[in-house]
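Asker: Here it is: the structure, laid out below.
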Amino acid sequence: MGNEIKITPAFIRAVYDVVAAIPSGRVATYGQVAERAGIPGAAQEVGQIMSRVKAEQNLPCHRVVNKAGTLSPDHVFGGQERQRALLEKEGIRFTGDGHINMVRYQLSEYEQITLPWS
DNA sequence: CGCCTGACAGACT
DNA sequence: TAGTCTGCCAGGC
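Under our numbering, the first residue of the first sequence carries the number 6, and numbering increases by one thereafter.
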């Protein structure tokens, strides 16, 4: 038995919802997003979905980072500096090495995301 | 079909 | 915390 990892429209929508619900000033890992979207282990697929998100969709993709707290490659967000600027603007501080202090800003596994409309 | 790559992650060191 | 290796799966060729 297992969770088939398929990038279905339903999964994509679920990912959008989860990402949209990440509070400003917090970050979530790809794995967390996958889990909350209903398919644990689909972290890489979430990344794939993120890579296809268009700016018009207005999703806070910059709040999704890898578990090490390092930013996305230079070819996205118009450079890491841009993504970093977006996050710092929300109050997230970086270490001297240029990565996020995940212990401090990562959304906790047990923390319920509070949706804007609830 | 196989082979390689990737906005990833867990286990170990 | 950082490297390294391995597992994972979708997609492109």
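Beta carbons: idealized from backbone N, C-alpha and C, even for Gly. All values reported here derive from a predicted model rather than from experimental measurement.
Between the C-alpha atoms of residue 55 and residue 20, what's the straight-line distance to the nearest angstrom?
Answerer: The straight-line gap from Cα to Cα measures roughly 9 Å.
Asker: With a cut-off of 8 Å on the beta carbons, I'd call residue 43 and residue 16 a contact; round off their distance for me.
Answerer: 7 Å
Asker: In whole angstroms, what is the alpha-carbon distance linking residue 27 and residue 11?
Answerer: 23 Å
Asker: Could you have a look at residue 39 and say whether DSSP puts it in helix, strand or coil?
Answerer: helix
Asker: Rounded C-beta distance between residue 36 and residue 48? I'm assuming under 8 Å.
Answerer: 4 Å
Asker: Under the assumption that residue 88 contacts residue 67 (Cβ atoms under 8 Å), give the Cβ distance between them as a whole number of angstroms.
Answerer: 5 Å
Asker: According to the Cβ coordinates, are residue 58 and residue 38 closer than 8 Å?
Answerer: No, they are not a contact pair.
Asker: Mapping the DSSP letters down to three states, classify residue 32 as helix, strand or coil.
Answerer: strand
Asker: Where do the N-terminal and C-terminal ends of the alpha helix (DSSP H) with residue 60 fall, by residue?
Answerer: Careful: residue 60 lies outside any alpha helix (DSSP H) and carries neither H nor E.
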